[in-house]
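Residue numbers (my numbering): 32 to 305. No residue lacks a Cβ here, since even glycine has one placed at the ideal position from N, Cα and C. Remember, predicted model here, so these are calculated numbers, not experimental data.
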């Protein structure tokens, strides 16, 4: 069993503005024996800004499985450690869950030190329903896989939250407009908490046009939020269109629409004009 003081602290770090590193987070980072970091160079710069000098252990997607055992061994030996990612809350579209799972399985105390999270920050200023939301992280890079994922989400009634990169933001918005309908309300938050922060809202069609018209709106890091399917009828149509798209690959349009309508409960004419 670990010594009573042995704790793995999961520490949120700023997503842009360094002033968002809380006093408690600074205190914890100063108190631990070492800090597990996604990118030791990036975290080293953050720690240097706050005058925190602690050993860093590289823990990222490519080595987490192997490193988790070593880190847990240190925790079981009585050392308290911290886990951070490059920005925001660890495990939220970032490495860390394998380590946390291993630590908990070994009986180690795991304690959160809350702070910034781009998904929550974006949702808080989007002006979209936030009582229910679905976090999808990054969409697939390949167009076909991305479009298939979006089609599966078209009937989701909760607000959808995505992360996206600068070189795919326009393509993703275009695919969302096709999958969800060009009039679906949405918001794009860019460079949150940083100097060039912008939050745009409107229909997916309007947002796509705004991003395509301004090079600056295709730079930085993005959170894209899309309002969910509004009611049962809209959700049925979205599901019907998803089914129709798949069935149409193997069946004539009229047959595909008939089956999709029967399975989804959507009106056949909303899926196929014939």
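Remark: fewer than three beta-carbon pairs, one from each stretch, lie closer than 8 Å, so the segment 223-243 and the segment 184-194 are not flagged as touching.
By the neighbour-count criterion, in which 16 or more other beta carbons inside 10 Å mark a residue as buried, residue 47 falls on the buried side.
Per DSSP, residue 201 is one residue of the alpha helix (DSSP H) stretching across 200-211.
Under the Cβ criterion (8 Å, minimum of three pairs), the segment 157-174 does not count as touching the segment 62-76. Secondary structure at residue 232: strand, using DSSP grouped into helix, strand and coil. Counting of Cβ neighbours within 10 angstroms places residue 176 among the exposed residues, the total staying below 16.
The three-state reading of DSSP puts residue 63 in coil, since its state is none of H, G, I, E or B. Secondary structure of residue 163 (DSSP, three-state): coil. The alpha-carbon separation between residue 62 and residue 163 amounts to approximately 37 Å. Bridge pairing for residue 39: 112, 141 [DSSP]. The beta carbon of residue 266 is closer than 7 Å to those of 186, 188, 260 in its chain, skipping five residues each way along the sequence.
The continuous beta strand (DSSP E) containing residue 256 extends over residues 253-257.
In the structure shown, residue 131 falls within a helical segment according to DSSP collapsed to helix, strand and coil. For the options 80, 100, 135, the alpha carbon positioned closest to that of residue 41 is the one of 135.
Following the DSSP letters along the chain, one finds residue 217 in no alpha helix (DSSP H) but inside the beta strand (DSSP E) bounded by residues 216-221.
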